[in-house]
Each structure stands twice: as C-alpha cells, then as structure tokens.
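Working notes, structure below.
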Amino acid sequence: MAKRKQSAKPPQAQHSGKSTPSRHDKRDRLANSNPARQITHAASVALCGGIAALVFAMGRMLDKRIAARLSIVMSGAMLARGRRTAASWFRCAGVKDDWDRFYEMLQSIGKNAGSVMLPLLLFILKKFDPGEGGYWKIAIDDSPTKRYGPHVEAANIHHNPTPGPGDGDWLYGHN
Numbered sequence: 104m105a106k107r108k109q110s111a112k113p114p115q116a117q118h119s120g121k122s123t124p125s126r127h128d129k130r131d132r133l134a135n136s137n138p139a140r141q142i143t144h145a146a147s148v149a150l151c152g153g154i155a156a157l158v159f160a161m162g163r164m165l166d167k168r169i170a171a172r173l174s175i176v177m178s179g180a181m182l183a184r185g186r187r188t189a190a191s192w193f194r195c196a197g198v199k200d201d202w203d204r205f206y207e208m209l210q211s212i213g214k215n216a217g218s219v220m221l222p223l224l225l226f227i228l229k230k231f232d233p234g235e236g237g238y239w240k241i242a243i244d245d246s247p248t249k250r251y252g253p254h255v256e257a258a259n260i261h262h263n264p265t266p267g268p269g270d271g272d273w274l275y276g277h278n
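At position 101 of the sequence shown the residue is numbered 204 (the working numbering), and the sequence of numbers has no breaks.
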C-alpha cells in the first residue's frame, strides 16, 4: 500500500482533555444547602384583582413546585422599566438569593408556553366575544421592517410599501 503524501500545512490543533470541572456546575451547591441564602416567598408588590386570578389560572398549568414563582415574576414584569429583561423583572419583584430558581421557572414556561397561555387566550376570547352570528377578523402584518445588512436573519430586498421623500422603491428588511 502506498504511503500518504505529507501535507504542506501544519497539523490542526487538537483540544486537550477537560482538566477542571465547569464553574457553572451547580450540583455541589445544591447538595450543600446554604443557611444564609434568602428565599423569595412573595413579590414586593402583590398582584390583585383579575390579573391575580389570571396568573393563578396560568400557574395551575405548571408544576406545583414552580407555580408560586409565576405571580412574583409577572408582578416584576409589570413594574419593570427600561430594558425589559428577566433580571430587571426579578429586581422589581424583589427576588432575593434564589434568582436561579426563577430562571429555571422561565425555562419551564418556555417549554410549556402553549398550555400556560391557555387561560390568557380564553380570557381574551371571552372579553372580545363577537356574540351570536358575529365573526372574528384576523389580520397578519407581513410588511418588512427596516433593517440593514446580510447579518440580519430573514432579511432580503423587498418593495418599499411606505416610501418617504428620501427612500427608494426597494428596501432591505425582514420578510
């Protein structure tokens, strides 16, 4: 059998074996409880009225261990200003040292979003019920938003539906 011809390129670097465990591994932290860790039991501003009932109905769709956290996060989401991120929700809700549990709750909601939003959808349907013989009219806006560059996902060249004085007939935007 013929020998393989040597390449002029140097060999590609290989990753070394993992020598240290991940800094983000939480098994050790969860195995050893921290008595000084403060646990959030309620939001700094509690929900009331119809919103509280709606959030409670949404929480019934979740696991019992994380359902109580939903009202805390929703309270913080309503109070948040500026950049609306989960961290700003947690700050406004008064979440203490157990903020990582709230992130896990958001992941669980993301996986079960269809079932969690069912009470909200039923509330909206009852609120805007067209009645006997009425009908729903649904519209989808597919007009492109002005974005630029090939790095924008789903961006392409489109006909400009609302050209201004300085705009052209075509724009580069979302599809």
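Beta carbons are placed, not taken as given, at the ideal position from N, Cα and C, and that holds for glycine. These numbers come from a predicted model, not from an experiment.
Give the straight-line distance between the Cα atoms of residue i and residue j, rounded to the nearest whole angstrom.
i, j, result
"ASP131", "TRP192", "28 Å"
"ALA301", "GLN117", "The requested residue 301 is not part of the displayed model; the chain covers only 104 to 278."
"LYS214", "MET177", "17 Å"
"TYR206", "GLY162", "16 Å"
"GLY271", "ASN263", "7 Å"
"VAL187", "SER110", "Before going on, a small fix: residue 187 reads as Arg here, not Val. Cα to Cα, the separation comes out at about 53 Å."
"ALA145", "LEU228", "30 Å"
"GLY153", "ALA170", "17 Å"
"LEU133", "PRO266", "57 Å"
"SER211", "ALA189", "14 Å"
"ASP232", "PRO222", "15 Å"
"CYS151", "CYS195", "16 Å"
"SER147", "MET208", "18 Å"
"SER125", "TRP239", "53 Å"
"HIS127", "GLY120", "18 Å"
"ARG172", "GLY179", "11 Å"
"LYS129", "SER136", "11 Å"
"LYS108", "GLN115", "17 Å"
Between residue i and residue j, which are expected to be in contact by the criterion C-beta below 8 Å, what is the C-beta distance as a whole number of angstroms?
i, j, result
"ASP203", "ILE142", "At roughly 12 Å, the Cβ-Cβ gap does not stay under 8 Å, so ASP203 and ILE142 are not in contact."
"LEU56", "PHE226", "Given that the chain is displayed from residue 104 to residue 278, the structure contains no residue 56 and the question cannot be resolved."
Going by DSSP, name the residue or residues bridged to residue i.
i, result
"TRP273", "HIS262"
Sorted by chain position, which residues of the same chain lie with C-beta nearer than 8 Å to residue i's C-beta, five sequence neighbours on each side aside?
i, result
"ALA155", "ALA149, SER174"
"PHE159", "SER174"
"ALA242", "none"
"TRP273", "ILE260, HIS261, HIS262, ASN263"
Within its chain, find whatever has a CB closer than 7 Å to the CB of residue i; leave out the 5 residues flanking it on each side and keep chain order.
i, result
"LYS199", "GLN141, ILE142, THR143"
"GLY185", "SER191"
Sorted by chain position, which residues of the same chain lie with C-beta nearer than 6 Å to residue i's C-beta, five sequence neighbours on each side aside?
i, result
"SER218", "MET164"
4 or more residues per run - each alpha helix (DSSP H) lying fully within the segment 188-226:
189-196, 202-214, 216-219
Just list the alpha helix (DSSP H) runs in the segment 138-173, keeping only unbroken ones of 4 residues or longer that don't cross its boundaries, in chain order.
152-162
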